[in-house]
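Please read the structure below before turning to the comments.
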Amino acid sequence: GENVEQHPSTLSVQEGDSAVIKCTYSDSASNYFPWYKQELGKRPQLIIDIRSNVGEKKDQRIAVTLNKTAKHFSLHITETQPEDSAVYFCAASNEKTSYDKVIFGPGTSLSVIP
Amino acid sequence: EAGVAQSPRYKIIEKRQSVAFWCNPISGHATLYWYQQILGQGPKLLIQFQNNGVVDDSQLPKDRFSAERLKGVDSTLKIQPAKLEDSAVYLCASSFRRGYYEQYFGPGTRLTVT
């Protein structure tokens, strides 16, 4: 089955700097890659997602890139702000064969230092 | 729009006792998921329902865990008997349909087994 790895496990950046979180997946048939943000004590919330037919997607300060050949995808946050501090989970899913069963990575704890 | 509701929010039980969690998904969402999130890890899918039918329960420890979704709306997850390693947050999520649809998570139930 699908396995998702995520690096780094913790990340500290200065406010205003950029943050990059990288994920790899094992199932070459995976075709949907969402990113969820979980603030301390709160529920995970979708922040951006990408499908396998595109290589990059951007939404304001957040962007995600996908390299299907290498089976890895990354989250980029620019101009980080203290409210970006949270745990970020990448995930992978094969919509066609796994009924959108989403496999989550272990998470990256991002701290933005004011 | 009301979000996914879960109860209770917290539960402390002794090992070998039983416990049940309840979830009410967003109105109109056909797909419902139960996840187990152990501290410091990503959510792990336990079971997925499409309306009132089970789509995937491959990671549900069926010797002690059971779940149902009567009438395709509310769902309950039961653990009987509980073990120490069941201590985790149990998240319920729902989505409009299977496939490329955002999952909306509930606040979770934090279970502590002593």
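Protein chains in written order, with our numbering: chain A, 485 to 598; chain B, 277 to 390. Using N, Cα and C, we set each Cβ at its ideal position, and we do this for glycine too. Computed from a predicted structure; not experimentally measured.
query, result
"Identity of the residue in Trp298/B, Lys347/B, Pro357/B nearest Val389/B by Cα", "Pro357/B"
"Nearest-angstrom beta carbon gap, Arg285/B and Thr385/B [assumed within contact, 8 Å]", "6 Å"
"Simplified DSSP state of Glu499/A, which is helix, strand or coil", "coil"
"The stretch 589-596 of chain A / the stretch 553-573 of chain A touching (three or more Cβ pairs under 8 Å)", "yes"
"Short CB-CB distance (under 8 Å) between Gln324/B and chain A", "yes"
"Selection from Lys585/A, Lys552/A, His491/A, Thr564/A that minimises the alpha carbon distance to Asp501/A", "Thr564/A"
"Cross-chain neighbours of Ser573/A in chain B, by beta carbon under 9 Å", "Before going further, note that residue 573/A is Phe rather than Ser in the sequence given. Gly318, Pro319, listed in chain order."
"Under 7 Å by beta carbon: chain B residues contacting Val596/A", "In chain order: nothing, as chain B lies at least about 20 Å away."
"For Val280/B and Pro301/B, the rounded distance between their alpha carbons", "5 Å"
"Exposure of Gln324/B, with buried meaning 16 or more beta-carbon neighbours within 10 Å", "buried"
"Where Lys552/A falls: helix, strand or coil (DSSP)", "coil"
"Touch test, the stretch 289-299 of chain B against the stretch 359-370 of chain B, Cβ-Cβ under 8 Å, three pairs minimum", "yes"
"Within chain B, the residues that Pro590/A reaches when beta carbons sit closer than 9 Å", "Gly316, Gln317, Gly318"
"Per DSSP, the bridge partner or partners of Ile314/B", "DSSP, once it has assigned bridges, lists no residue as partnering Ile314/B."
"Distance CB(Asp533/A)-CB(Ala576/A) smaller than 8 Å", "no"
"Delimiting residues of the beta strand (DSSP E) encompassing His491/A", "488-491"
"Per DSSP, the bridge partner or partners of Gln560/A", "Correcting the residue type first, residue 560/A is His in the shown sequence and not Gln. Note: His560/A sits in a beta bridge opposite Val504/A, Ala547/A."
"Proximal residues of chain A, C-beta to C-beta of Gly384/B below 7 Å", "Arg527"
"Distance CB(Asn537/A)-CB(Asn578/A) smaller than 8 Å", "no"
"Gly329/B - DSSP class collapsed to helix/strand/coil", "strand"
"Straight-line gap, Tyr311/B to Val586/A (C-alpha atoms, nearest Å)", "10 Å"
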